[in-house]
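Asks: Following this message is one structure expressed as structure tokens.
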Amino acid sequence: MEKKNFTVSVYTENNIGLLSRIAAIFQKRHINIESITASRSEVNEVMRFIIVVQVTEDQVKKIVGQIEKQIEVIKAFYHTDEEMIYQETALYKINSADFVEDLNIQDFIKESNARIVTVTPKFFVIEKTGKRHETDSLYEKLKPYGLMQFVRSGTIAVTKNEMPISNILEQFDTTN
Amino acid sequence: MEVKTASFEKVSSPKKTTVSGAEAVIKCLLEEGVDTLYGYPGGAIMPVYDELYKYQTQIHHVLTRHEQGATHAAQGYARVSGKVGVAMATSGPGATNLVTGIADAQIDSTPMVCITGQVGSHLLGSDAFQETDIIGISTPITKWNYQITKAEEIPEILAKAFFIARSGRPGPVLIDITKDAQFATLDFSYKKCSGIRSYKPKPEINLVEVEKAAEAINNAKKPMIVFGQGVILGGAEELFKQVVEKSGIPAAWTILGLSAMPTDHPLNVGMVGMHGNYGPNVLTNECDVLIAIGMRFDDRVTGNLEKYAKQAKVIHFEIDPAEINKNVHADIPVLGNVNETLKILLELLKPNKHEAWHQKFKDYYQIEFDKIIKNDLNAQRGKIGMAEVIDEINKCSKGDAVIVSDVGQHQMVACRYSKFNQTRSNVTSGGLGTMGFALPAAIGAKMGAPDRDVVAVIGDGGYQMTIQELGTIFQTKVPVKIVVLNNDFLGMVRQWQQLFFEKRYASTEMINPDFITIAKGYHIKAKQVSKRENLKEAVTEMMESREAYFLEVKVEQEENVFPMVPTGASVSEIRLE
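Residue numbers (the working numbering), protein chains in the order written: chain D, 237 to 412; chain X, 49 to 625.
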């Protein structure tokens, strides 16, 4: 079975140690996590992990099963790229002198719909949100000018389909 | 607004008393019906031990000689009684010594709660004396773990710990309590946990799947059942027997399923897997419907998965959704506690007999008997064989003893040849294969089933891994029977070296101490037997002893366990020699 990108979404209680409990499931299977983010979700006090891995569908199914088995995990799902709306954010710090002197840089920024976040006499910070190939492409263009710093966030994503987390939680509230 | 993430039973008179965190721990244990726990004191758990001193008439603390022994004893107790086993240790090395037992309980689904002391919360992360991150260490091997830093968390967290350990697919839970939380006070009231919103212990039963399963079973021409510990954990032994009898289907067991059904039941066709019986292994690859009940298709059961039951329609009765399609694809997955799903199935089954098909198992048994079993049980020459010892124990116990086995050749022989009438009689380390398990597990087993004979069957290697627990036996006077089958080798590894490494016996020969003198040092009755003609008398004397008894049997040194499915081979390629 072919390996491809899968996005694993995990809704959990907001507890200490869950990150390592979830990460351990990948570690046990010798699977590298491409990116991981955790934040609050649409539900009060419920966290959402977005984990991107390159595996086969058979592997991701089993991983989701193991994640969901953890006591404080409310629900886990996996999706392909086609089923998700996903974005990453990258920050590029460049030398102000380069920026002012080279008009190419200014063109790159305009063409790629990037945004200038900060301007100081010494450096500029540019932000680009988009798909991986878009942030990569801007990186490649800026690299020859000597990037002072570069950082990219993990993928954040929402699904095209509904996520029935509130229903699951309501069921618990009404039966207990 | 506070979010409610767990539910607790209402108490009729929630009278509150102010107690220390340490006392609250003991009160929680009493509320959960704990009468025995196993542990070892130390700095960070001392406040709890101080309370144990006060409560010693209500709760029996067994001082093991090593924290690993405490976990295995708790496991032995849990496995025979069905109750949650409890182990306690201090921080740092005390906590890390629990790790092997926790991992063992996790893979064998044993309900256990471990309580560890931790350095004061103001010292967390400072590399304080005996500080170790036991939460981090135990995360991948626990069903749940939690660090308590405030006394008022104790009742709720311990209630959750017991609920999680025993519900659904059982497993180990570790609760780490900082020393300041043990000293601080709280208003104590206890409510048992009845649910956690993010945790579904029992999956919903899908009636359509049960109906499909019944139809497949009713239409099967060559069906075969493989049952595991799920039958025991679900308390479904009687129901299971009815299913087998009504459907007339030959039933084989995994090592942890052993004793869920009497070994002499006509439809019990023996063990599957690496050293299992010939018939069920070969016929796994001939059956048309394979009905797996409360088992997880461990690699020691399936051999090469590419060649495992490919011709069969697989029905999998299982409580843990993550086990479905994990190793073997289930054509019909039936989720739920087998205690409930088998009840529905039983109604839907048509009474049936599969005599010709069952006869095939008997034919294969005859081949195995002639080639292996006959010689195992009735060797005329050479030193005593392991199976002869088990056979003598059977003759004395009449199948009513609890057999606790360690890991290795003797374990396979004990499981192949032990006779059991009752459930929860076979205690062994299946999934993890923990050498050193049996001696402490036998202590717990005897305390969990005080009216039954408990016989630990151990090899000379594994015995020395936890031999210090003889001290626990001496101190508690727990009347366990210990049989060491001594071949002065790490027998199973030696067997593999003989078969697959051209007899290069790297570090498997053991130069052993005088085990009799060691037992006597602990004032435990001890005897050694090396001649066949003295075996019966020696075993009988041990079985009749009312106090702890140690019997060393000098067995054949280079005996091999057969049948055997070599690694990478298919179950139907099982070797008889």
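Every residue gets a Cβ at the ideal spot worked out from N, C-alpha and C, and that includes glycine.
I'd like to know whether the C-beta of residue 247 (chain X) is nearer than 7 Å to at least one C-beta of chain D.
Replies: Counting from 1 along the second sequence, the entry for residue 247 (chain X) is found at position 199. It does: the Cβ of residue 247 (chain X) has a partner Cβ on chain D nearer than 7 Å.
Asks: Please list the residues of the stretch 287-302 of chain D that have a C-beta atom closer than 8 Å to any C-beta atom in chain X, keeping them in chain order.
Replies: Listed by position along the chain: 297, 298, 301 and 302.
Asks: Going by DSSP in three states, residue 534 (chain X) sits in which element: helix, strand or coil?
Replies: Residue 534 (chain X) sits at position 486 when you count from the first residue of the second sequence. Of the three classes helix, strand and coil, the one that applies to residue 534 (chain X) here is strand, per DSSP.
Asks: Does residue 364 (chain X) pass the burial test, meaning 16 or more other C-beta atoms within 10 Å, or should it be called exposed?
Replies: By 1-based counting over the second sequence, the position of residue 364 (chain X) is 316. Answer is buried; the Cβ neighbour count reaches 16.
Asks: By a C-beta neighbour count over all protein chains shown, 10 Å radius and 16 as the cutoff for buried, is residue 173 (chain X) buried or exposed?
Replies: The residue labelled residue 173 (chain X) in the question sits at position 125 within the second sequence. It counts as exposed.
Asks: Identify the continuous beta strand (DSSP E) that holds residue 345 (chain X) and give its terminal residues.
Replies: Working through the second sequence from its first residue, we reach residue 345 (chain X) at position 297. Element bounds for residue 345 (chain X): n/a, residue is neither H nor E.
Asks: Answer yes or no: do residue 553 (chain X) and residue 545 (chain X) have a C-beta to C-beta separation smaller than 7 Å?
Replies: By one-based count along the second sequence, residue 553 (chain X) stands at place 505. By one-based count along the second sequence, residue 545 (chain X) stands at place 497. Against a cut-off of 7 Å, the Cβ pair of residue 545 (chain X) and residue 553 (chain X) comes out as a contact.
Asks: Interface residues of chain A around residue 191 (chain X) at Cβ under 9 Å?
Replies: In the structure shown, chain A cannot be found, because the protein chains are D and X.
Asks: Consult DSSP for residue 283 (chain D) and reduce its assignment to one of helix, strand or coil.
Replies: Position 47 of the first sequence, counted from the first residue, corresponds to residue 283 (chain D). Reduced to three states, the DSSP call for residue 283 (chain D) is strand.
Asks: So which residues on chain X does residue 260 (chain D) lean against when the C-beta distance must stay under 7 Å?
Replies: Position 24 of the first sequence holds residue 260 (chain D). Under the 7 Å cutoff, chain X gives 187 and 188.
Asks: Kindly indicate if chain D contains any beta-carbon less than 7 Å away from that of residue 183 (chain X).
Replies: Here the question's residue 183 (chain X) lines up with position 135 in the second sequence. So, interface residue.
Asks: Show which residues of chain X have a CB atom less than 7 Å away from the CB atom of residue 253 (chain D).
Replies: Along the first sequence, read from residue 1 onward, the residue named residue 253 (chain D) stands at position 17. The contacting residues are 183 and 187.
Asks: Nearest CA to the CA of residue 313 (chain X): which residue from X:108, X:406, X:208 and X:568?
Replies: For the purposes of this step, residue 313 (chain X) is taken as the residue at position 265 of the second sequence. Nearest option by C-alpha distance: X:406.
Asks: For residue 274 (chain D), list the residues DSSP reports as bridge partners.
Replies: By one-based count along the first sequence, residue 274 (chain D) stands at place 38. Partner(s): D:285.
Asks: Would the beta-carbon of residue 126 (chain X) fall within 7 Å of that of residue 87 (chain X)?
Replies: Your numbering for residue 126 (chain X) matches position 78 in the second sequence. Your numbering for residue 87 (chain X) matches position 39 in the second sequence. Contact: no.
Asks: Can you grab the Cα-Cα spacing for the pair residue 324 (chain X) / residue 511 (chain X), in whole Å?
Replies: Numbered from 1 along the second sequence, position 276 holds the residue referred to as residue 324 (chain X). Numbered from 1 along the second sequence, position 463 holds the residue referred to as residue 511 (chain X). Distance between the alpha carbons of residue 324 (chain X) and residue 511 (chain X) is about 24 Å.
Asks: Could you name the residues of chain X that residue 277 (chain D) contacts, counting a contact when the two beta carbons are closer than 8 Å?
Replies: Here residue 277 (chain D) refers to the residue found at position 41 when the first sequence is read from its first residue. The premise fails here: residue 277 (chain D) is roughly 13 Å from chain X at the closest Cβ pair, so nothing lies under 8 Å.
Asks: Which partner residues of residue 249 (chain D) appear in the DSSP bridge assignment?
Replies: The residue given as residue 249 (chain D) occupies position 13 in the first sequence. Answer by DSSP bridge pairing, in chain order: D:282.
Asks: Exposed or buried, what is residue 195 (chain X) when buried is set at 16 or more other beta-carbons lying within 10 Å of its beta-carbon?
Replies: Locating residue 195 (chain X) in the second sequence gives position 147, counting from the first residue. The residue in question, residue 195 (chain X), is buried, as its Cβ has 16 or more Cβ neighbours within 10 Å.
Asks: List the DSSP bridge partners of residue 548 (chain X).
Replies: Start at 1 with the first residue of the second sequence, and residue 548 (chain X) comes out as number 500. In the DSSP output, where bridge partners are listed per residue, residue 548 (chain X) has none listed.
Asks: So, at 7 Å on beta carbons, what are the nonlocal neighbours of residue 415 (chain X) in its own chain, with the 5 sequence-adjacent residues on each side left out?
Replies: What you label residue 415 (chain X) is simply residue 367 of the second sequence in a count that begins at 1. Once the five neighbours on either side are set aside, the close Cβ partners of residue 415 (chain X) are 326.
Asks: Got a sec: which bits of the stretch 360-394 of chain X sit with their beta carbon under 9 Å from any beta carbon on chain D, in order along the chain?
Replies: Going along the stretch 360-394 of chain X in chain order, one finds 368, 369, 370, 371, 372, 373 and 374 with a Cβ nearer than 9 Å to chain D.
Asks: Is it true that the CB of residue 458 (chain X) sits closer than 7 Å to the CB of residue 507 (chain X)?
Replies: As a working mapping, residue 507 (chain X) is identified with position 459 in the second sequence. As a working mapping, residue 458 (chain X) is identified with position 410 in the second sequence. Cβ atoms of residue 507 (chain X) and residue 458 (chain X): closer than 7 Å.
Asks: Assess, as a yes-or-no matter, whether the stretch 564-584 of chain X is touched by the stretch 605-613 of chain X under the definition of 3 or more beta carbon pairs within less than 8 Å.
Replies: Touching, no.
Asks: Return the residues of the stretch 218-247 of chain X that lie within a Cβ-Cβ distance of less than 8 Å from chain D, sorted by chain order.
Replies: So the list reads 242, 243, 244, 245, 246 and 247, given in the order they occur along the chain.
Asks: Do residue 522 (chain X) and residue 570 (chain X) have their CB atoms nearer than 7 Å?
Replies: Residue numbering aside, residue 522 (chain X) sits at position 474 when the second sequence is read from its first letter. Residue numbering aside, residue 570 (chain X) sits at position 522 when the second sequence is read from its first letter. Taking 7 Å as the Cβ cut-off, residue 522 (chain X) and residue 570 (chain X) qualify as a contacting pair.
Asks: Which residues of the stretch 380-411 of chain D have a Cβ closer than 9 Å to any Cβ of chain X? Give them in chain order.
Replies: Listed by position, the residues of the stretch 380-411 of chain D near chain X (Cβ gap below 9 Å) are 404, 405, 407, 408, 409 and 411.
Asks: Can you find a C-beta in chain X that's less than 7 Å from the C-beta of residue 256 (chain D)?
Replies: On the first sequence, position 20 is the one that residue 256 (chain D) refers to. Chain X, which has a Cβ nearer than 7 Å to the Cβ of residue 256 (chain D), makes this yes.
Asks: Inspect the beta-carbon positions of residue 95 (chain X) and residue 70 (chain X) and report whether they are closer than 7 Å.
Replies: Position 47 of the second sequence holds residue 95 (chain X). Position 22 of the second sequence holds residue 70 (chain X). Going by C-beta atoms, residue 95 (chain X) is nearer than 7 Å to residue 70 (chain X).
Asks: Between the alpha carbons of residue 170 (chain X) and residue 192 (chain X), how many angstroms are there, rounded?
Replies: Looking up residue 170 (chain X) in the second sequence gives position 122. Looking up residue 192 (chain X) in the second sequence gives position 144. Taking the straight line joining both Cα atoms gives about 24 Å.
Asks: Out of X:64, X:267 and X:129, which has the shortest C-alpha to C-alpha gap to residue 396 (chain X)?
Replies: For the purposes of this step, residue 396 (chain X) is taken as the residue at position 348 of the second sequence. It is X:267.
Asks: Could you tell me whether any Cβ in chain D is nearer than 7 Å to the Cβ of residue 53 (chain X)?
Replies: Your numbering for residue 53 (chain X) matches position 5 in the second sequence. Interface residue, yes.
Asks: Relative to the alpha-carbon of residue 532 (chain X), which residue among X:519, X:559, X:563 and X:524 has its alpha-carbon at the smallest distance?
Replies: Position 484 of the second sequence, counted from the first residue, corresponds to residue 532 (chain X). Comparing Cα-Cα distances from residue 532 (chain X) to each of X:519, X:559, X:563 and X:524, the minimum goes to X:563.
Asks: Work out the CA separation of residue 59 (chain X) and residue 363 (chain D) for me, nearest whole Å.
Replies: Numbered from 1 along the first sequence, position 127 holds the residue referred to as residue 363 (chain D). Numbered from 1 along the second sequence, position 11 holds the residue referred to as residue 59 (chain X). Near 57 Å, if we compare the C-alpha coordinates of residue 59 (chain X) and residue 363 (chain D).
Asks: For the stretch 308-334 of chain D, which residues have a CB atom closer than 7 Å to at least one CB atom of chain X, in sequence order?
Replies: Within the stretch 308-334 of chain D, the qualifying residues are 308, 309 and 310.
Asks: Which partner residues does residue 21 (chain X) have in the DSSP bridge list?
Replies: Residue 21 (chain X) is absent from the model: chain X starts at 49 and stops at 625.
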